[in-house]
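Heads up, the sequence shown is in UniProt numbering, so the first residue is 485 and it goes up one at a time.
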Amino acid sequence: AEARAQLERALAAGEFLVHYQPIVDLPSGRLIGVEALVRWQHPERGLLGPDTFIPLAEETGLIVPLGHWVLAESCRQVAAWHREVPDAGRLRVSINLSARQFQHAGLVGDVAAVLRESGIDPGRVVLEITESLLMRDTDATISTLHELRALGVHIAIDDFGTGYSSLSYLRRFPIDILKIDKAFIDRIATDPDDATLAEAVVQLGRALRLQTVAEGIESLDQHSLLSALGCTYGQGYLFARPAGPAHIEALLRQSRNSG
Ligand code: G
Ligand code: G
Ligand code: MN
Ligand code: NA
485 AEARAQLERA
495 LAAGEFLVHY
505 QPIVDLPSGR
515 LIGVEALVRW
525 QHPERGLLGP
535 DTFIPLAEET
545 GLIVPLGHWV
555 LAESCRQVAA
565 WHREVPDAGR
575 LRVSINLSAR
585 QFQHAGLVGD
595 VAAVLRESGI
605 DPGRVVLEIT
615 ESLLMRDTDA
625 TISTLHELRA
635 LGVHIAIDDF
645 GTGYSSLSYL
655 RRFPIDILKI
665 DKAFIDRIAT
675 DPDDATLAEA
685 VVQLGRALRL
695 QTVAEGIESL
705 DQHSLLSALG
715 CTYGQGYLFA
725 RPAGPAHIEA
735 LLRQSRNSG
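What follows is the structure, encoded as structure tokens:
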């Protein structure tokens, strides 16, 4: 209860903020979207990453209002960029949903309200869910995914390859994007087995008509290999680290290439 009270206080005090990490087109490297990643500007402990408070927010249920805030704030910010930054009109925003948030009965209504209030084009919004979430209560999950997609948003499976999804299951889920986990990307340039696995995921995506995003790209070798495999998009420190909105806006204005 103590922990929940602290998170509640921080949320009310406006201590959370959103950083954004660029997602680029492969092979051109053009900025096509950003992933929203929450941070806590703690008054004593400084800037805290999600690993230090998301598990607690999940346990205490505060992930529902906190996740809602991240969704609303990032849609508001990206809708403003769409209006105000030349050539940024097609920039996508990817938002992580935790399992508890996904299972919350009000989720679809909340997403619909945020889309309406922010004025963002729903087709520019991607909701990321994890592979392990898909494996629970399958029928309810499928119907929630259909309801979300009916709002016009796209669905990505995050950390793909780390959980266990049978291929036949994957076909049943209405999804648009596979995000290949960093664990598979780390050694693709040095380990032929890992390169083969990454290639298999890209081909799986192509067979199911899904876009693929490689996460955690840190080297030029990884970049060129993934381009050669036909992976659609990439994300990683090679291109950019997560950063605050002012930094991202400067990137958008510099590159004028997110259209
Ligand atoms: O940049 P990074 O350290 O920011 O993120 C660490 C982890 O925290 C990632 O697995 C990411 O999915 C998760 N995360 C970041 N922001 C959010 C959020 O707004 N909601 C949820 N549920 N998870 C998030
Ligand atoms: O939601 P998800 O677990 O995919 O969150 C992405 C996480 O990966 C965030 O913590 C983000 O900061 C981190 N990340 C993104 N690109 C890189 C990278 O190139 N290297 C490393 N080590 N971490 C990355
Ligand atoms: Mn993610
Ligand atoms: Na991930």
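Heads up, the beta-carbon is just placed ideally off N, CA and C, and yes, glycines get one too.
Problem - 8 Å contact criterion, which E542 and S578 should meet: CB distance rounded - result: Indexing the sequence shown from 1 puts residue 542 at position 58. Indexing the sequence shown from 1 puts residue 578 at position 94. With 8 Å as the limit, E542 and S578 do not qualify as a contact, their Cβ atoms being about 19 Å apart.
Exercise for the section: Please confirm whether T622 and V592 have their CB atoms less than 9 Å apart. Expected result: Here residue 622 refers to the residue found at position 138 when the sequence shown is read from its first residue. Here residue 592 refers to the residue found at position 108 when the sequence shown is read from its first residue. Taking 9 Å as the Cβ cut-off, T622 and V592 do not qualify as a contacting pair.
Exercise for the section: Please work out which residues of its chain come closer than 6 Å, Cβ to Cβ, to A583, disregarding the five sequence neighbours upstream and downstream, and give them in chain order. Expected result: Taking the first residue of the sequence shown as 1, we reach residue 583 at position 99. Excluding positions up to five away in sequence, the list reads L617.
Practice task
Compare the Cα-Cα distances from L635 to each of G607, I626, F657, L662 and report the closest residue.
Solution key: Within the sequence shown, residue 635 is the residue found at index 151, counting from 1. If we check each option's Cα against that of L635, G607 comes out closest.
Handout entry: Within 9 Å, strictly: CB atoms of Q561 and V502
Key = In the sequence shown, residue 561 corresponds to position 77, counting from 1. In the sequence shown, residue 502 corresponds to position 18, counting from 1. Yes, these two residues count as a Cβ contact at 9 Å.
Handout entry: Short Cβ contact (9 Å threshold) for R576 with V610
Key = Working through the sequence shown from its first residue, we reach residue 576 at position 92. Working through the sequence shown from its first residue, we reach residue 610 at position 126. Closer than 9 Å, so yes.
Handout entry: Quiz: which residues have CB nearer than 7 Å to ligand 3 non-hydrogen atoms
Key = E519, S578, N580, E612, D642, K663
Practice task
Consider the C-beta atom of D675 and the heavy atoms of ligand 1; say whether any pair is separated by less than 8 Å.
Solution key: On the sequence shown, residue 675 is found 191 positions in, with the first residue counted as 1. Checking the Cβ of D675 against ligand 1 gives no.
Exercise for the section: Verify the contact flag: E542, CB atom, against every heavy atom of ligand 2, threshold strictly below 8 Å. Expected result: Position 58 of the sequence shown, counting from 1, holds the residue named residue 542. The answer is no for E542.
Exercise for the section: Under the assumption that I669 contacts A698 (Cβ atoms under 8 Å), give the Cβ distance between them as a whole number of angstroms. Expected result: As a first step, residue 669 must be located in the sequence shown, where it is residue number 185. As a first step, residue 698 must be located in the sequence shown, where it is residue number 214. I669 to A698, Cβ: 5 Å. Contact.
Exercise for the section: Flag W565 as yes if its beta-carbon sits less than 9 Å from any beta-carbon of chain D, otherwise no. Expected result: Absent here is chain D; the protein component of the structure consists of one chain.
Problem - Cβ-Cβ separation, V548 to Q490 (assumed contact under 8 Å), whole Å - result: As a working note, residue 490 is residue 6 in the sequence shown. As a working note, residue 548 is residue 64 in the sequence shown. Not quite, the Cβ-Cβ distance comes to about 16 Å (not below 8 Å), so this is no contact.
Exercise for the section: Drop a sphere of 10 angstroms on the beta-carbon of E486, count the other beta-carbons inside from all chains shown, and report buried for 16 or more, exposed for fewer. Expected result: For the purposes of this step, residue 486 is taken as residue 2 along the sequence shown, with counting starting at 1. The residue in question, E486, is exposed, as its Cβ has fewer than 16 Cβ neighbours within 10 Å.
Practice task
Below 7 Å CB to CB, which residues in the same chain sit around A563 once its five sequence neighbours on both sides are set aside?
Solution key: Counted from its first residue, the sequence shown places residue 563 at position 79. Once the five neighbours on either side are set aside, the close Cβ partners of A563 are S602, G603, I604.
Problem - Straight-line Cα distance separating L692 from R655 - result: As a first step, residue 655 must be located in the sequence shown, where it is residue number 171. As a first step, residue 692 must be located in the sequence shown, where it is residue number 208. Answer to the nearest angstrom: the Cα atoms are 7 Å apart.
Exercise for the section: In the DSSP assignment, find the unbroken beta strand (DSSP E) run with H707 in it and report its ends. Expected result: Counted from its first residue, the sequence shown places residue 707 at position 223. Taken as a continuous stretch (DSSP letters only), H707 belongs to no beta strand (DSSP E), being part of the alpha helix (DSSP H) at 704-713.
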